[in-house]
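What follows is a short report on a single structure.
Number of protein chains: 2
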Amino acid sequence: MTKVNGTAKVEYDPNFTNAVINATGPKADNRMREVMTALIRHVHDFAREVNLTTDEYMAGVSLLNWAGQMSTDRRNEGQLVTDVIGLESLVDEITYKQAAASSSSATPSAILGPFWRHDAPIRKNGESTVLKVPNDAKVSYMYGRLTDAVSGEPLANALVDVWQASTNGLYEQQDEEQPDCNLRGKFYTDEEGNYGFYCLRPTPYPVPSDGPAGKLLDLLDRHHYRPGHVHLIIMKDGYKSITTQIFDRETPYLDNDSVFAVKDGLTVDFTERNDDPKAGWELKYDIAMAPMGSDGAGNVPIATPGAA
Amino acid sequence: MTKVNGTAKVEYDPNFTNAVINATGPKADNRMREVMTALIRHVHDFAREVNLTTDEYMAGVSLLNWAGQMSTDRRNEGQLVTDVIGLESLVDEITYKQAAASSSSATPSAILGPFWRHDAPIRKNGESTVLKVPNDAKVSYMYGRLTDAVSGEPLANALVDVWQASTNGLYEQQDEEQPDCNLRGKFYTDEEGNYGFYCLRPTPYPVPSDGPAGKLLDLLDRHHYRPGHVHLIIMKDGYKSITTQIFDRETPYLDNDSVFAVKDGLTVDFTERNDDPKAGWELKYDIAMAPMGSDGAGNVPIATPGAA
Chain A
1 MTKVNGTAKV EYDPNFTNAV INATGPKADN RMREVMTALI RHVHDFAREV NLTTDEYMAG
61 VSLLNWAGQM STDRRNEGQL VTDVIGLESL VDEITYKQAA ASSSSATPSA ILGPFWRHDA
121 PIRKNGESTV LKVPNDAKVS YMYGRLTDAV SGEPLANALV DVWQASTNGL YEQQDEEQPD
181 CNLRGKFYTD EEGNYGFYCL RPTPYPVPSD GPAGKLLDLL DRHHYRPGHV HLIIMKDGYK
241 SITTQIFDRE TPYLDNDSVF AVKDGLTVDF TERNDDPKAG WELKYDIAMA PMGSDGAGNV
301 PIATPGAA
Chain B
1 MTKVNGTAKV EYDPNFTNAV INATGPKADN RMREVMTALI RHVHDFAREV NLTTDEYMAG
61 VSLLNWAGQM STDRRNEGQL VTDVIGLESL VDEITYKQAA ASSSSATPSA ILGPFWRHDA
121 PIRKNGESTV LKVPNDAKVS YMYGRLTDAV SGEPLANALV DVWQASTNGL YEQQDEEQPD
181 CNLRGKFYTD EEGNYGFYCL RPTPYPVPSD GPAGKLLDLL DRHHYRPGHV HLIIMKDGYK
241 SITTQIFDRE TPYLDNDSVF AVKDGLTVDF TERNDDPKAG WELKYDIAMA PMGSDGAGNV
301 PIATPGAA
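Top to bottom, those sequences are chains A and B. Okay, so the first sequence: first residue is 1 according to the UniProt record's numbering, each after it adds one. Okay, so the second sequence: first residue is 1 according to the UniProt record's numbering, each after it adds one.
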């Protein structure tokens, strides 16, 4: 033990981390080995850097266990905890930039978030996702055209999977007052690549405060709010799938999203819509999809059903 | 994007991690800020270093959620997952070395592990923790003396809380065939600082393979075994508490414990015991406790009931 500026500087076993890393056996998958080696090194460096105590470690374990215990097929609290520290948004950036290396003109991506459902209904173009209109809603018509990011040709029969929270800040699976699959739907583009549906102009909402993600935000003296946004997954055979969110340029919290999902190129402008008794606002949103490259780059991975 | 040796080297937003760190508000506790700042930096560096994909991230989240879902008041699978990557053992080293700075002669510590119970019964010195003797058991008498690590004086009325697995590799709460609180007990030292009880000479066992910790070991091509050991917590007012494990010097897996808990000074020698019809083996184990320093160093934190 040495003293530095009067503070005890404790030295730890310099061989410990390598011993843990080297326990990995010869038959481990190479990528598993690579990922876990880096994870072990960083987690150990973190613990030594802050002199993490047993009590603090146990508090962290309890928080993660609590997240698992709150998670169901309709809610992923573990994911939300990592969202609060920006991990999902960072991984999204990494995945997007790695996979999009063959084309830089495709629509940017954003995190899936914990509220996607794999079983949302297919609806027809022109239909509404708004099964119950809140009093304070700004009903909007969202529409646009899907094209090949390289050739500019329209893409027919592409899937646009959309979901959003209601004006009370809740997704339908969080809210007994909303009909099942309210503010959700899957749409397919027509022969000219066009899609369109009614939705709500999105409003800010807080991430749930009844679990460890909310607790962590409180401990960090941070607000819980996300800027108003609409979630989208776009898929088409032969093209890289897109998982994204679009943000209303006029929404609060655009500069300090509690889960750090706002990125350049994802901000959109809702405008007033005339002569439509069903909607006072509209959003034109065209989407460019990158064709699968010949360089072996695959799909941008999107959610599996387990991520609901 | 730049190319390095033919491999695409993608550059990520250099401001992202600081933006997440700087979201922490002014009222956050200073230690919370310090710990989370380091955690965020290391987790982000890890993700960028390995170019972590969304699929890999989601697999990690699912594994952590699974751990929480398996955890009960009798089993802590989240803790076990972190044990597999050596985190609990490292945090134990950090905590022990930080708190023991005022005395270097105290008994070394080791991890609590996930099988401690706060409600183990108090038993009298000389009694047995072995409520059901397995056919292949080596019943042993463990005894010793507790002393002040500085003065060498005996410590009366100190608590020795002990637990161990049976020869089938299971702790009593994992095994319907074992009586409640088998192989567990709390003992108090007598006026001369002595304690003693019957136990089993410990045998190796695998960490549970039905959950994410076992899955992680398999993915890392590692064995599941722990060397034979006895768990101890020793507490006495005015002294730093000790949470430790002692390892039979002749046990297999002493050099490659699946949770990395073996440390210098924790290995012990069981010897043959003569003229005791109840036990063929014995272990003399004296324990030195460090008095609370005048430097403000507190107890080595031990388990809370939530860590059962």
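Where is the CB? At the ideal position from N, CA and C, for every residue including glycine.
With a Cβ-Cβ cutoff of 8 angstroms, do residue i and residue j count as a contact?
i	j	result
B/Ile246	B/Val230	yes
A/Thr244	A/Leu266	yes
B/Arg117	B/Gln164	no
A/Phe46	B/Leu39	yes
B/Val35	A/Ile85	no
B/Ser68	A/Leu64	Per the sequence shown, the amino acid found at residue 68 of chain B is Gly instead of Ser. It is a contact, given that the beta carbons lie within the stated cut-off.
A/Phe16	A/Glu127	no
A/Ala279	A/Gly185	no
B/Val81	B/Pro212	yes
A/Thr54	B/Thr54	no
Assuming the contact rule is C-beta atoms closer than 8 angstroms, residue i and residue j should be a hit. Round their C-beta distance to whole Å, please.
i	j	result
A/Cys199	A/Leu183	7 angstroms
A/Glu88	B/Asp13	Contact doesn't hold; Cβ gap of about 14 angstroms is too wide.
B/Ala158	B/Leu146	5 angstroms
B/Asn125	B/Phe187	6 angstroms
B/Gln98	A/Asn51	6 angstroms
B/Pro179	B/Leu131	4 angstroms
In chain order, what residues of the same chain lie with their CB nearer than 7 angstroms to the CB of residue i, ignoring the 5 residues before and after it?
i	result
B/Gly214	Val207, Pro208, His224
A/Arg33	Thr24
B/Thr203	Thr167, Gly228
B/Arg222	Ser258
A/Cys181	Ala120, Pro121, Glu172
A/Asp190	Asn125, Ala156
A/Met292	Gly238, Tyr239, Lys240
B/Asn30	none
Using 10 angstroms around the beta-carbon of residue i, count the other beta-carbons present and answer buried if the total reaches 16, otherwise exposed.
i	result
A/Asp122	One detail in the question is off: residue 122 of chain A reads as Ile in this sequence, not Asp. A/Ile122 should be labelled exposed.
B/Glu153	exposed
B/Glu77	buried
B/Glu11	exposed
A/His161	The displayed chain sequence assigns Asp, not His, to residue 161 of chain A. Per the 10 Å Cβ criterion, buried.
A/Ala308	Because the pLDDT at A/Ala308 is just 25, under 50, the model does not fix this residue reliably, and the value given afterwards should be weighed accordingly. Counting Cβ neighbours within 10 Å, A/Ala308 comes out buried, since at least 16 surround it.
B/Glu176	exposed
B/Glu192	exposed
B/Arg48	buried
A/Asp248	buried
A/Lys263	buried
B/Lys27	exposed
Below 6 angstroms CB to CB, which residues in the same chain sit around residue i once its five sequence neighbours on both sides are set aside?
i	result
B/Trp281	Lys138, Ser140, Arg201, Phe270, Arg273
A/Asp83	Val259
B/Gln79	Pro114
B/Trp66	Pro212
A/Thr72	none
B/Ile21	Thr37, Ile40
A/Met235	Leu159, Ser241
A/Ile111	Glu88, Ser89, Asp92, Ala261
B/Glu56	none
In its own chain, which residues sit with a C-beta less than 8 angstroms from the C-beta of residue i, not counting the 5 before and 5 after it?
i	result
B/Tyr143	Asn194, Tyr195, Gly196, Phe197, Glu282, Leu283, Lys284, Tyr285
B/Arg226	Pro204, Tyr205, Pro206, Val207, Tyr253, Asp257, Ser258, Val259, Ala261
A/Ala19	none
B/Val268	Ile246, Phe247, Asp248, Arg249, Leu283, Tyr285
B/Ala133	Here residue 133 of chain B turns out to be Val, not Ala, going by the sequence shown. Once the five neighbours on either side are set aside, the close Cβ partners of B/Val133 are Val139.
Quick one: is the Cβ of residue i within less than 7 angstroms of any heavy atom of the ligand COA?
i	result
A/Lys215	Looking for the ligand COA in the displayed structure turns up nothing, as the structure carries no ligands at all.
Where the segment 130-143 of chain B meets chain A: residues whose CB sits under 8 angstroms from a CB there: none
Selection of the segment 65-82 of chain A by Cβ proximity to chain B, strictly under 9 angstroms: Asn65, Trp66, Ala67, Gly68, Gln69, Met70, Ser71, Asn76, Glu77, Gly78, Gln79, Val81, Thr82
Residues in the segment 44-62 of chain B having any Cβ partner in chain A nearer than 7 angstroms: His44, Asp45, Phe46, Ala47, Arg48, Glu49, Val50, Asn51, Leu52, Thr53, Thr54, Asp55, Glu56, Tyr57, Met58, Val61, Ser62
Listed in chain order, which residues of the segment 204-224 of chain B have Cβ atoms closer than 7 angstroms to some Cβ of chain A? From the segment 204-224 of chain B, only Leu219, Leu220, Asp221, Arg222 have a Cβ closer than 7 angstroms to chain A.
Can you list, in chain order, the residues of the segment 12-23 of chain A whose Cβ is nearer than 8 angstroms to any Cβ on chain B? Tyr12, Asp13, Phe16, Thr17, Ala19, Val20, Ala23
What residues in the segment 247-270 of chain A have a beta carbon less than 7 angstroms from any beta carbon of chain B? Asn256, Phe260
Closer than 7 angstroms, Cβ to Cβ, to anything on chain B: give me those residues from the segment 32-43 of chain A, in chain order. Met32, Glu34, Val35, Met36, Ala38, Leu39, Ile40, His42, Val43
In chain order, what residues of the segment 83-95 of chain A put their CB closer than 8 angstroms to some CB of chain B? Ile85, Gly86, Leu87, Glu88, Ser89, Leu90, Val91, Asp92, Glu93, Ile94, Thr95
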